[in-house]
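Worksheet: one structure, shown below.
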Amino acid sequence: MHGTLAGHLAAHPAPGLPEGATPAQAAALPPGTSVLAQPRTMPAPTAPRSRGQGQGVWWEHDGPLALVYAGGPDGHRGDLVVPVRLPQGAGQWPHLLHTLSDPETFHKVDLVRHQDPAEPGGWVYEAHLMVLAPAYVPASTAGRRAQAPTGRRGGVDGNVSNLAVVSVPDEPVIAGAASPGAAVVSSKVATASDERDRIARRERKRRRRQRALERSRRASNTAQYELGKRQRKRQRRRQAAGLSPRQVTVPGGPRIARADGTPRRSHRHDTLSSTYRRLRARDAAAAQRITQSRRTRARRTAGQIVAVHGPNLVIEDCDIRGWFRLWGRACARFTPGMLITALDHECANTGGRLLRAATRTTALSQHCPCGHRVPKTLRVRTHHCPTQDGGCGLTGDRDLVSAALAAFTHLHDSDDPSTARVDYQTSRRVLCAAGPGLPGALTEMM
Ligand SMILES: [Zn+2]
Numbered sequence: 008m009h010g011t012l013a014g015h016l017a018a019h020p021a022p023g024l025p026e027g028a029t030p031a032q033a034a035a036l037p038p039g040t041s042v043l044a045q046p047r048t049m050p051a052p053t054a055p056r057s058r059g060q061g062q063g064v065w066w067e068h069d070g071p072l073a074l075v076y077a078g079g080p081d082g083h084r085g086d087l088v089v090p091v092r093l094p095q096g097a098g099q100w101p102h103l104l105h106t107l108s109d110p111e112t113f114h115k116v117d118l119v120r121h122q123d124p125a126e127p128g129g130w131v132y133e134a135h136l137m138v139l140a141p142a143y144v145p146a147s148t149a150g151r152r153a154q155a156p157t158g159r160r161g162g163v164d165g166n167v168s169n170l171a172v173v174s175v176p177d178e179p180v181i182a183g184a185a186s187p188g189a190a191v192v193s194s195k196v197a198t199a200s201d202e203r204d205r206i207a208r209r210e211r212k213r214r215r216r217q218r219a220l221e222r223s224r225r226a227s228n229t230a231q232y233e234l235g236k237r238q239r240k241r242q243r244r245r246q247a248a249g250l251s252p253r254q255v256t257v258p259g260g261p262r263i264a265r266a267d268g269t270p271r272r273s274h275r276h277d278t279l280s281s282t283y284r285r286l287r288a289r290d291a292a293a294a295q296r297i298t299q300s301r302r303t304r305a306r307r308t309a310g311q312i313v314a315v316h317g318p319n320l321v322i323e324d325c326d327i328r329g330w331f332r333l334w335g336r337a338c339a340r341f342t343p344g345m346l347i348t349a350l351d352h353e354c355a356n357t358g359g360r361l362l363r364a365a366t367r368t369t370a371l372s373q374h375c376p377c378g379h380r381v382p383k384t385l386r387v388r389t390h391h392c393p394t395q396d397g398g399c400g401l402t403g404d405r406d407l408v409s410a411a412l413a414a415f416t417h418l419h420d421s422d423d424p425s426t427a428r429v430d431y432q433t434s435r436r437v438l439c440a441a442g443p444g445l446p447g448a449l450t451e452m453m
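Residue numbers (our numbering): 8 to 453.
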């Protein structure tokens, strides 16, 4: 890759940019100021001017950025020169400055193409740049992480459709406090109703596309499918009436298969129409967009959680794959696994850790903070500690009580979930003394 960020900026400055601004000066402009104004189709970069005699070499090029593929020692067709169009838009310039300002940084460029039915030709070509440098952290994220509370310990309870987080101040602060329950903070994360509607709409669209794909595949490979029940009945009726058999364009029955259920002809040998290919590309692009938006949402939520509860959290060590078997659709909507992974990263990047506690040694959902065992099935959503058996009488949301207990869970060895034990002595003093309800403030997050 040749050229410099300064040369690129000098060639394509935004209209309002001060004359002769350097990349660093452009990064210091107030947020919202446009830095680059690049045409939709970038002009081909001109070969570098020579400093001395004859043609110049690309190593001397300090204009707009260009990818140059040399023809090699016996290349007769010369170099392949591809202009670079940098990402432009809100918040992009500081990121570009981080990755491209230092030409000495070791970097690697991968030319990647991916299907995009909206683009002419159906493909988008991108140059992915990787630099050997610390990862870029936007100023807003760095600021949020610096402000995250450090003197707290939190517990997380993951669930198919929501996440409960409860945090308490560190031990010495609790010991000295007159009413330790007041410092408890709890949050519940669930999918917002408008988000839920949007997901349902997207799922309906996806199912429609899947049905159209299936119809198209059947229509192009009629010999591989049996007739449907109604189609068969109709053919029989026509035969009985002495009419000629009707041509069926889309057979509705199952795929013709061998006795063990494997299709007689593999799906990959099917004839696929151009409509099918186009629709499949559109479906893949839509699926990629959905994954991207889910990942963004998971990161944002993880950021919010750590900003309130701090980066030292404990979660029950559970296998989410089992949830998917039982509650696949609900899981796919809320994506608890993605949220927990994002939380793991956010905790680590904020200087803490998300610890995992074994279910067997803690049984968080089956205990009360007073130490009493309160068995409940998954259906029971409210925790109620009975007073007649010497319990404390605490009543609260099942997930929040479980998360609160996780906040009092300590691990002997942070890498071994089975060494987790709940400190019931402290949890009883903080959570059960204030009254029948769970103490502290509750916030809802989306
Ligand atoms: Zn109790």
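C-beta atoms are modelled at their ideal positions from N, C-alpha and C, and glycine is treated no differently.
Same chain, Cβ closer than 6 Å to residue i, neighbours up to 5 away in sequence not counted
| i | result |
| --- | --- |
| Ser409 | Asp164, Leu371 and Ser372 |
| Cys439 | Pro376, Cys377, Cys399 and Leu401 |
Buried/exposed call for residue i, threshold 16 Cβ in 10 Å
| i | result |
| --- | --- |
| Phe415 | buried |
| Thr298 | exposed |
| Asp204 | exposed |
| Trp100 | buried |
| Lys383 | exposed |
| Glu323 | buried |
| Leu445 | buried |
| His274 | exposed |
| Asp326 | exposed |
| Gly359 | buried |
| Leu407 | buried |
Where the beta strand (DSSP E) containing residue i begins and where it ends
| i | result |
| --- | --- |
| Ile322 | Asn319 to Asp324 |
| His121 | His114 to Gln122 |
| Val138 | Trp130 to Val138 |
| Gly162 | Arg159 to Gly165 |
| Thr384 | Where Thr384 is concerned, there is no enclosing beta strand (DSSP E), given that its DSSP letter is neither H nor E. |
| Pro179 | Here Pro179 belongs to no beta strand (DSSP E); instead the alpha helix (DSSP H) covers Glu178 to Gly183. |
Beta-carbon proximity list for residue i, same chain, < 7 Å, skipping 5 on both sides
| i | result |
| --- | --- |
| Pro55 | Gly63, Val64, Trp65, Glu67 and His68 |
| Gly400 | Cys392, Thr394 and Pro443 |
| Asn356 | Arg152 |
| Met137 | His114 and Lys115 |
| Arg272 | Gln231 |
| Ala140 | Thr112 |
Integer Cβ distance of residue i from residue j, believed to fall under 8 Å
| i | j | result |
| --- | --- | --- |
| Leu161 | Leu412 | This sequence places Gly at residue 161; Leu is not what is there. At roughly 12 Å, the Cβ-Cβ gap does not stay under 8 Å, so Gly161 and Leu412 are not in contact. |
| Gly260 | Glu221 | Between Glu221 and Gly260 the Cβ distance is about 13 Å, and since that is not below 8 Å, they are no contact. |
| Pro110 | Thr11 | 7 Å |
| Gly98 | Pro127 | At roughly 28 Å, the Cβ-Cβ gap does not stay under 8 Å, so Gly98 and Pro127 are not in contact. |
| Leu104 | Ala34 | 5 Å |
| Phe341 | Val167 | 7 Å |
| Arg224 | Tyr283 | 6 Å |
| Met345 | Ala291 | That belief does not hold up - the Cβ atoms of Met345 and Ala291 are roughly 19 Å apart, past 8 Å. |
Bounding residues of the alpha helix (DSSP H) (the contiguous stretch that carries residue i)
| i | result |
| --- | --- |
| Lys240 | Lys236 to Ala247 |
| Asp351 | Pro343 to Asn356 |
| Ser281 | Ser281 to His316 |
| Leu407 | Arg405 to Ala414 |
| Arg208 | Ser200 to Ser227 |
| Leu16 | Leu12 to Ala18 |
| Gln365 | The question names Gln, yet the displayed sequence has Ala at residue 365. Where Ala365 is concerned, there is no enclosing alpha helix (DSSP H), although the beta strand (DSSP E) it sits in stretches over Arg360 to Ala365. |
Chain B contact for residue i (CB, 8 Å cutoff)
| i | result |
| --- | --- |
| Ala13 | This model lacks chain B altogether, as it is built from one protein chain only. |
Own chain residues within Cβ distance below 8 Å of residue i, not counting five before or after
| i | result |
| --- | --- |
| Lys1 | Here the chain has residues from 8 to 453 only, and residue 1 is not among them. |
| Gly310 | Thr148, Arg151 and Glu353 |
Can you confirm whether the region 332-352 touches the region 224-234 when touching is taken to mean that 3 or more C-beta pairs between the two stretches lie within less than 8 Å? no
Quick check: the region 168-175 against the region 311-328, are at least 3 beta-carbon pairs closer than 8 Å? yes
Sufficient close CB pairs (3 or more, under 8 Å) joining the region 195-212 to the region 260-280: The answer is no - the region 260-280 does not touch the region 195-212, with fewer than three Cβ pairs under 8 Å.
Does the structure place the region 331-338 close enough to the region 179-186 that three or more beta carbon pairs sit under 8 Å? Short answer: they don't touch.
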